[in-house]
Amino acid sequence: MPGEEESGPLPQKGDFSGWYQEILWRAGIVDNRYPVKGLYVWYPYGFALRKHVYEVLRELMDRDHEETLFPLLVPEHEFMKEAEHIKGFEDEVYWVDRGGKNPLDVPLALRPTSETAIYPMYALWVRSHADLPLRYYQVVNTFRYETKATKPLIRAREITSFKEAHTVHATWEEAEAQAVTAIGLYRTFYDRLCIPLLVSRRPDWDKFPGADYTIAVDTIMPDGKTLQIGTVHHLGDHFSRTFEIRYEDEKGEQQYAFQTCYGISERSIAAVIGVHGDDRGLVLPPEVAPVQVVIVPIIVGKRKDEVIGAARGLKAELASAGFRVELDEREIRPGAKYYHWEMRGVPLRVELGPRDLDRRVVTLVTRFGEKSEASRDSVASSVGGVLSGITRALSLRAASDMMARVTAAGTLEQATAAVEGGVAVVSWCRQRECADILEEKTGGSVLGTDIGGNRLPEISTPCIICGKEGTPTLLARTF
Ligand code: 5CA
Ligand code: ZN
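In short: position in the sequence shown from 1, add 277, done, that's our numbering.
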């Protein structure tokens, strides 16, 4: 069973690494004790959270994408086709090379991502311009033999919840427009999770292997490090030339297609946990909370049956109004129940005791500790209103916390100080040599250049290293 109440106080969130590891099991998200490094197990409560997060993602994707499912295993000859892609992934691939006792004729890669599984099929499917644009996605597990320290949900060797979209277009410009659309989609997705973003264009040496360019979305975790929680890649025609993805244009000529791909993983859930949680546990946005409302009956003296009966009626009413609601009837102190549900991030608690019954009211207590009273006769609409308020407050708090950690830096000293606690915005000329010096002197990494929409603090234009013309650039310590 997940960590129970008697295991002592939760580490303070200020010790983020200790807090994070501990909360994953105390709140029943994942168990990291599976006997293979980098693999972990979803508990039912964590799985329910994952389900709701991915329902939001699927709802957004399904507006103009279709969901598909491709095999996990990729034959070596397909995997080895695109030179840059292989170079980027060869040290991270798990191989299957035996069937029972016999060596396989063709070794099979466990997909680290699915370009090389999907694109041979796209080559068969794409025939004419009428087939384009093509926009498919899948949600699957992928495997990467990560060599940096693994962390559940953040750096896993089995990525259990890899949402990857792969699109095909007639022109480079249409693929670019799709990349812009995808960034908008990811903005909306993270907005629904109340997670603020910094969006930047990765430097060329950090782009996805085989891409023309990569746009990444990052957020800032409580320890000041940034976490990349999604990427959008313009693939140009690199893969279409390798995999022969061609279409017949209006004039009857064969043309190579242009492609994009973009992905999100369970890091999205790590961000929800890390950005919103506090010293008492998870704080979940109502939209994705497995339990949105918990009813705690306050039972004193003789009126127990009456209170329980009323609480069951309230549960039925809230459930039929569409809320995910639990009634905690356990024979333990109310305080122990509060602790339990606070740890699990339930946004709203409804308390109901004999005096509330007499006055036809209920007491509402938000996960932030704000108390109010609602009339029993209009309780569903009060609960809806309070939950909306919680969503707004979470978004605002997360956004202002993040922006407080983004600092303009005109000197190396300022940049060094800024990356201690968050993100430095510096001016950089896009030359590798300047980035190397910048990274070495400050201890941060160049995330990427601003692509607008980030509301960054103003900085002057000369490159912080060489003094030539520069662009606003994000510098941070990263996960
Ligand atoms: N094929 C492309 C787009 S689908 C691709 O694989 N892009 S990626 O390598 O950037 O991965 C997409 C996202 O997955 C990353 O932005 C990151 O948020 C997440 N991710 C990458 N590696 C891991 C890992 N080891 N554990 C958890 N999430 C990961
Ligand atoms: Zn420079």
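All residues carry an ideal CB built from backbone N, CA and C; glycine is no exception.
Taking 7 Å as the cut-off, is the beta-carbon of residue i closer than that to any non-hydrogen atom of the ligand 5CA?
i	result
Ile436	yes
Ser659	no
Gly540	yes
Phe766	Nothing in the structure corresponds to residue 766, since the chain is present only between 278 and 756.
Ile300	no
Ile306	no
Gly507	yes
Ile431	yes
Arg479	no
Arg421	yes
Glu367	no
His354	no
Starting from the C-beta of residue i, find all residues in its chain whose C-beta is less than 7 Å away, skip the five residues before and the five after it, and write them out in chain order.
i	result
Val696	Thr719, Gly720, Gly721, Leu752, Ala753 and Arg754
Glu521	Ala400
Pro397	Glu355 and Phe520
Ile728	Val476, Ser477, Arg478 and Ile492
Pro486	Glu361, His362, Lys364, Gly365 and Phe366
Glu453	His511
Gln289	Trp296 and Asp556
Check residue i in the structure and name its three-state DSSP category.
i	result
Arg557	coil
Leu316	coil
Cys538	strand
Ser737	coil
His510	strand
Tyr413	strand
His798	The requested residue 798 is not part of the displayed model; the chain covers only 278 to 756.
Arg375	strand
Tyr533	strand
Asp246	Outside the displayed range of the chain (278 to 756) lies residue 246, so it cannot be described from this structure.
Ile572	strand
Glu647	coil
Phe600	coil
Ala685	strand
Ala433	coil
Gly725	strand
Ser405	strand
Ser823	In the structure displayed, the chain extends from 278 to 756; residue 823 sits before or after that span and is not available.
Tyr311	coil
Lys328	helix
Asp292	coil
CB-CB under 6 Å to residue i, same chain, minus the five flanking residues each way: which ones, in chain order?
i	result
Pro384	Glu353, Trp372 and Asp374
Asp526	His406 and Gln532
Ile741	Val703 and Ser704
Val509	Ala456, Ala459, Ile460, Ile492 and Tyr539
Arg557	Glu619
For residue i, collect the residues of the same chain with a Cβ closer than 8 Å to its Cβ; drop the 5 residues on either side in sequence, then sort them by chain order.
i	result
Val307	Leu301, Tyr317, Val318, Trp319, Tyr320, Gly323, Pro429 and Leu430
Glu606	Pro574, Ile585 and Ala588
Leu625	Pro563, Gln569, Val570, Val571, Leu641, Val642, Thr643, Arg644, Val660, Val663, Leu664 and Ile667
Thr496	Tyr467, Ile472, Pro473, Leu474, Leu475, Thr503, Leu504, Ile506, Ala548, Val552 and Met679
Leu470	Val330, Val333, Ser545, Ala548, Val549, Pro562, Glu564 and Val565
Pro739	Ser704, Lys745, Glu746 and Gly747
Lys648	Thr640, Leu641 and Val642
Asp514	Trp449, Tyr533, Ala534, Phe535 and Gln536
Between the Cα of residue i and the Cα atoms of the options, which residue gives the shortest distance?
i	options	result
Val642	Val656, Val627 and Asp654	Val627
Glu369	Gly554, Arg434, Gly699 and Arg544	Arg434
Gly501	Ala454, Val494 and Val552	Val552
Gly598	Gln708, Phe293 and Ala657	Reading the sequence as shown, one finds Ala at residue 598 and not Gly. Nearest option by C-alpha distance: Ala657.
Lys358	Ser517, His511, Tyr311 and Trp402	Ser517
Ala685	Val457, Arg340 and Arg732	Arg732
His329	Tyr539, Leu561, Leu462 and Gly376	Leu561
Gly622	Gly305, Gly295, Pro288 and Ser294	Gly305
Ala692	Ile714, Arg709, His515 and Leu671	Ile714
His362	Gln536, Ala488, Asp556 and Glu603	Ala488
Arg637	Met338, Gly646, Arg653 and Leu349	Arg653
Gln415	Lys425, Trp449, Glu343 and Val445	Glu343
Given 7 Å as the limit, tell me if residue i has its C-beta closer than that to any heavy atom belonging to the ligand ZN.
i	result
Lys745	yes
Cys471	no
Ile742	yes
Trp705	yes
Gln708	yes
Give me the Cβ distance between residue i and residue j, rounded to the nearest whole Å; I'm assuming they're in contact under 8 Å.
i	j	result
Val700	Ala712	That pair is no contact at about 15 Å.
Pro634	Glu583	One detail in the question is off: residue 634 reads as Leu in this sequence, not Pro. Rounded, the Cβ-Cβ distance is 7 Å, consistent with contact.
Tyr524	Arg404	7 Å
Ala675	Ala534	That belief does not hold up - the Cβ atoms of Ala675 and Ala534 are roughly 39 Å apart, past 8 Å.
Phe366	Pro389	5 Å
Val351	Ala394	5 Å
Phe439	Ser542	5 Å
Glu441	Ser391	6 Å
Is there a C-beta anywhere in chain B that falls below 8 Å from the one on residue i?
i	result
Ala692	No chain B appears in the structure shown, which is made up of a single protein chain.
Between residue i and the ligand MG, is there a pair consisting of the residue's CB and a ligand heavy atom that are separated by less than 7 Å?
i	result
Arg388	No copy of the ligand MG appears in this structure; the ligands present are the ligand 5CA and the ligand ZN.
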